[in-house]
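Worksheet for the structure shown next.
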Amino acid sequence: MKRAAATALVALAALWTPPLAAQSDPLAPTGRWSAYTRGAAQLPPMGWNSWNAFALDISEAKLLGSAQIIASSGLAAKGYRYIDLDEGWWARRAADGRMVIRTDKFPSALLSDGRTSFRPLTDKLHGMGFKAGIYSDIGRNSCGQIHSDDIPNKPSGTVAEREVGLYGHVDQDIALYFGEWGFDLIKVDGCGIRGLWPDSPKVLSGEFRALTPLVDSGSLGTTDIAATKALYDRVRQALERNNPDNDFIFSLCLWGAADVRSWARQMASISRTSEDIFPIWGRMLHNMDTSIRRPLYAHPGSWNDPDMLYIGTGDFDAKHLTEARSHFSLWAMLNAPLMIGYDLRSADPALMAILGKSEVIALDQDPAGNQAVLAYDSDDVSILVKTLANGDKAVAVLNRTSDPVTASLMASHLKYAADADISLTDIWTGAQSKFRDRQDLTLAPRETLLFRATGKRVLPDGLYLSEMPGSVNPAIDGVVAPEVDPLVHRAILPWAGTRISREPPRYGGWGGAQPDSTPWSEQIGVAGKRFDTGIGILANSRLEVRNKGYARFTTLVGVDDSARDRSQPVTFEIYGDGKLLARSRPIRFGEAAAPLEANVAGKALIELVARTPGKPRFPDPVTWAEAALRH
C-alpha cells in the first residue's frame, strides 16, 4: 500500500511544475548545482606552505630549496604540486599602488628597469613542474603586521606604503599576481578586517590606519557577515576575470569566523574552518573538529580546510610518529588540502615516509570527493567512514585520549550486513583481517587505525545520501540566526594561554545540515522511531543532489523529535532538473514518518525542499530518513 500510494503521489505531482522564476520564493528549485566548481580544486590541493616553517623569515633560497626537496624526494610525483609563499615577501606598496618585492630576500625579483616581479620565480617553479601560490589579506594590513612584533621582513615605509593587503586594490593586485606574475593560487587572510579599531594601540601610535572591524572572531552577533562575504566575493570575481582557463585556487582563510561555513563553498576552492593549527595534540583535535561535522559543506571544487599539516614539529615530530600518522590519516579522511608546513631541509626520513604514504594520499585524493562521515562520536573515540569511488569504504578509528582504549568497529558503522564477511586492510601496515558484525580494536594513546573495508552492503541497489556527501549540497540549510558550535574540542589558544578568561565556542555552524544525525548531532527520530541513516536539516531548506545514473529516490520524511517550536507543519518536495516529481502532505510534529519517492531516471540534479507556511526564527529540524538513490 505504501509503495502504491507513493507511486500515485508521484504521478499526480508530475502534472504540475512550479514557475522557476518565482524570485519571491527562496526555496524555489533552480535546476543547477550551486556549490563552487570554478578553479582547479576538483581534488583537494597538495603542496607546501612557508608559514609554519619560516613565518615571516622566508627567502627565495628557502622556498626553492624546499621545492627541490619535494621534487627529489618523490613527493612531487605523489601529488604535492603547490609551492606557496606566505607572508614576508612584501617591501611596500608603491605610489601607483603596485606591490614592491623584498629583493634582499628574493634577488631574482629585481628587473633591469628597477621594478620588481615574481615572474622569474614562478617561471622557475613552473619549470620544475610545480604550481606557485602567494599570500595576501582582505584588509589593508596582514596578520603578520598586526599580530607579530619584533619579527623581520615586515613591509616598511609610510602608513600608506605599509598597506599591502587587498582592501581598495583587489582588481589591481589580482591582475598583478595572476596576469603579470603568473601565480596559480592565492591565500587571502582576514586579520585586516578584525583588529584595527580606532582606539587600538597600533592605530593610536600611527602605525596603521583604523579600519573598523567587520569580523569579531568571538561573536557572530557583532560580525558583519554580509559585508565580509561581499569582500571575499569580489576576490572571486577578480580571479575568474584574470584566469579564464580556471587554472587557479582561491584559498579563503577566515578561520571559521563570520559564519563562513554557510557561504564559502559558493565562492572558494578551499576555506579554513578554524584558527591556526599548532603542533599540539589538543590543537590538532580542535582544528579537526571544526571540519568533522561538515561533510555536506565540502565538494569537488570547494573543500573544508582545517589548516596545514604540522607533521615534523612538536607533538608530530620524529619522536611522536603515532601522532604524526594520526594527523595525516585524519586530514586524508577529511579531504583536507595536504599542505606541508615543515622545514624539509631537516626532514627525518620517517616523517617523509608518512607524508609520502601513497595509500593514505589516495584516500584524500579519491575522485568521489566524499568527506568522511562520523559513524561514532564521543570525547574519547571517533569513528569516521568514507565511501570511495570504487565502492570500498575507508574507516578511521581515532583514540582522542592519552590512554589506551578499546573500541568496537561494527558492521553497522560501515553500512554493511552483519551476517557476511567484512574484509579489512590496514592501510599503514598492510595487515589483512576479516570479521562479522563486530571487531574489537585496541588503540594506543592518540593512535588512529586506518583501514580499507569491503563487505556486503545493507542497501544493495544504491547509496544512501549520507554515503555520498560530496554529491549533496545544502544550498539553503534553514539556519536563520547563526549559532556557535559547542562540540568543537576547546584547546588552549597557544598565543593566549590561560591569560584570557575562557576559550568559548566560537565557530558558526550549529544547526547546519548533517548526515546520519540531526542538525544538533542527535540521533534522527520521528514519532519515537529512530533511524540510523538519513539527512538531518532544518525546515525551510533546499538540498541539491547530483544524480549519476540512478533511477529512483526513496525516503521517509517527518519532523524530527528534537524539534523545539513544533507548531508548524512541514511539506516535503522532490524536484528533478527543476520540475516537481513528488510532494508529501503537510506533516506535523509527532506524526509518523511518511514514505516519499520519485522516478529520477535521466535527471541530473535532484532538489529536496522542506517548507513551512511561516518563517520562524528557529525552524524545526526535519529528517529525510533513509534517503537513498537507487538503481
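So for the sequence shown, our numbering puts the first residue at 484; every next one is plus one. Don't be surprised by glycine CBs; every beta carbon is placed ideally from N, CA and C.
Query, Result
"Please name the residue or residues paired with glutamine 1123 in a DSSP beta bridge.", "This structure does not reach residue 1123, given that the chain is present from 484 up to 1114, and the question cannot be answered."
"For leucine 838, name the three-state secondary structure that DSSP assigns.", "helix"
"The beta strand (DSSP E) that contains aspartate 567, what's its start and end?", "565-567"
"Excluding sequence positions up to five away, which residues of its chain have a Cβ less than 7 angstroms from the Cβ of serine 809?", "Leu881, Arg929, Glu930, Thr931"
"To which residues of the same chain is isoleucine 634 closer than 8 angstroms at the C-beta, ignoring the five residues directly before and after it?", "Ala538, Leu539, Asp540, Gly627"
"State the DSSP-derived secondary structure class of phenylalanine 691, mapped to helix, strand or coil.", "coil"
"Between the segment 560-573 and the segment 838-849, do at least 3 Cβ pairs fall closer than 8 angstroms?", "yes"
"If you measure between the beta carbons of proline 1102 and tryptophan 1003, is that distance less than 8 angstroms?", "no"
"Suppose you measure from the CA of leucine 1021 to the CA of arginine 755; what does that come to, to the nearest Å?", "24 angstroms"
"Using the C-alpha atoms, what's the distance from asparagine 532 back to isoleucine 621?", "19 angstroms"
"Could you name the residues of the same chain whose beta carbon sits closer than 7 angstroms to that of leucine 481, not counting the 5 residues immediately before and after it, in chain order?", "For residue 481 there is no data in the structure shown, the boundaries of the chain being 484 and 1114."
"Indicate the three-state DSSP secondary structure (helix, strand or coil) for isoleucine 1089 in the structure shown.", "strand"
"By the 10 Å Cβ neighbour count, where 16 or more other Cβ atoms means buried, how is aspartate 863 classified, buried or exposed?", "exposed"
"For the segment 831-900, list the beta strand (DSSP E) runs that are entirely contained and at least 3 residues long, ordered along the chain.", "856-860, 864-870, 876-882, 888-893"
"Pull up the DSSP beta-bridge partners for methionine 816, would you.", "Looking at the DSSP assignment, methionine 816 forms no beta bridge with any residue, so it has no partner."
"For arginine 598, which option in Gly612, Glu543, Leu659, Gly610 has the closest C-alpha, if you only look at C-alpha atoms?", "Leu659"
"Who does serine 734 pair with in a DSSP beta bridge?", "Lys670, Ile753"
"Assign glutamine 854 to buried or exposed, taking buried as 16 or more other Cβ atoms, counted over all protein chains shown, within 10 Å of its Cβ.", "buried"
"Report the rounded CA-to-CA distance for arginine 1100 versus aspartate 1048, giving the unit in angstroms.", "10 angstroms"
"When DSSP labels each residue in this structure, what does glycine 992 get in the three-state scheme?", "strand"
"Within 10 angstroms of the Cβ of lysine 426, are there 16 or more other Cβ atoms? Answer buried if so, exposed if not.", "What the structure shows of the chain is the stretch from 484 to 1114, and residue 426 is not part of that stretch, so it cannot be assessed."
"Quick one: what does DSSP say histidine 609 is sitting in, helix, strand or coil?", "helix"
"Phenylalanine 731 and glycine 522: beta carbons closer than 8 angstroms?", "yes"
"Excluding the five sequence neighbours on either side, which residues of its own chain have a C-beta within less than 6 angstroms of the C-beta of phenylalanine 691, listed in chain order?", "Asn624, Leu679, Lys685"
"So, helix, strand or coil for arginine 724, using DSSP?", "helix"
"Extract the residue ranges of the beta strand (DSSP E) inside the segment 998-1086, only unbroken runs of 3 or more that lie entirely within it.", "1007-1009, 1012-1014, 1017-1021, 1024-1029, 1035-1042, 1054-1059, 1062-1066, 1077-1082"
"Could you check the C-alpha separation between leucine 703 and glycine 689 for me, to the nearest Å?", "29 angstroms"
"In the DSSP output, which residue or residues are listed as bridge partners for asparagine 532?", "Asp567"
"Let's test the definition: count the other Cβ atoms within 10 Å of the Cβ of valine 642 and tell me whether it reaches 16, buried, or not, exposed.", "exposed"
"Using the beta-carbon count (16 or more within 10 Å), is asparagine 729 buried or exposed?", "exposed"
"Got a sec, what are the start and stop residues for the alpha helix (DSSP H) glycine 765 sits in?", "764-775"
"Check whether the Cβ atoms of glycine 662 and valine 698 sit closer than 8 angstroms, and answer yes or no.", "no"
"Quick test of the definition: if touching needs 3 or more C-beta pairs under 8 angstroms, does the segment 775-787 touch the segment 734-752?", "yes"
"Give me the residue from Arg581, Thr513, Met529, Tyr519 with the minimum Cα distance to glutamine 848.", "Met529"
"When burial is assigned at 16 or more other CB atoms within 10 Å of the CB, is valine 963 buried or exposed?", "exposed"
"When the distance is taken between beta carbons, is isoleucine 1089 closer than 8 angstroms to leucine 455?", "Because residue 455 is not part of the residues shown, which for the chain are 484 to 1114, the question remains open."
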